[in-house]
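Colleague: Okay, so the sequence shown: first residue is 7 according to my numbering, each after it adds one.
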Amino acid sequence: MTNNFQKDVLFYSIQLFRQRLNEIDEICECMKLFGWYRDNKKESLPLFGGIQGDEYQHTLEKSQQAFDRALLLLKHYSKYMLDISSHAHSIWSQELKR
Numbered sequence: 007m008t009n010n011f012q013k014d015v016l017f018y019s020i021q022l023f024r025q026r027l028n029e030i031d032e033i034c035e036c037m038k039l040f041g042w043y044r045d046n047k048k049e050s051l052p053l054f055g056g057i058q059g060d061e062y063q064h065t066l067e068k069s070q071q072a073f074d075r076a077l078l079l080l081k082h083y084s085k086y087m088l089d090i091s092s093h094a095h096s097i098w099s100q101e102l103k104r
């Protein structure tokens with residue numbers, strides 16, 4: 007019985023850690039799409055032409071600012087990023103869902 011319990015705990019921990027790595031990978035992919043960072047420097051946003059160009063530009067800037075705020079919050083809790091203990095998992099999950 008104890009042996010099965012230990013296996014269950016081990017497999018749960020591995021599954022939780024893999025999930026955490028997938029979440030981090032998703033954050034990295036979002037940084038590529040929305041972060042506009044290259045070599046740790048912020049790149050200029052593209053310019054949009056046409057009648058609605060300014061509106062598109064403003065929407066993109068607002069999206070980028072919201073993404074940057076979300077990243078800043080996650081950075082604040084980064085010490086929990088790879089910690090899968092129940093307390094840390096709870097904190098990280100709450101912040102990731104914001």
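Glycine included, every Cβ here is placed at the ideal spot set by N, Cα and C.
What you are looking at is a predicted structure, and each value in this text was computed from that prediction instead of being measured.
Quick check on this structure: which residue in SER69, SER92, LEU22 and GLY56 has the alpha carbon closest to the alpha carbon of CYS36?
Modeller: Nearest of SER69, SER92, LEU22 and GLY56 to CYS36, Cα basis: SER69.
Colleague: Just how far apart, CA to CA, sit SER50 and GLY41?
Modeller: Distance between the alpha carbons of SER50 and GLY41: 11 Å.
Colleague: Whose CA, out of PHE17, HIS64 and ILE30, lies closest to the CA of LYS85?
Modeller: Looking at the Cα atoms, ILE30 is the closest of the given residues.
Colleague: Buried or exposed: which applies to ARG26, given that a residue is buried once 16 or more other Cβ atoms fall within 10 Å of its Cβ?
Modeller: The residue is buried, with at least 16 neighbouring Cβ atoms inside 10 Å.
Colleague: What's the C-alpha gap between LEU78 and LYS103?
Modeller: If I take the Cα positions, the gap works out to 14 Å.
Colleague: Does the separation of the CB atoms of PHE54 and GLN63 fall below 8 Å?
Modeller: Taking 8 Å as the Cβ cut-off, PHE54 and GLN63 qualify as a contacting pair.
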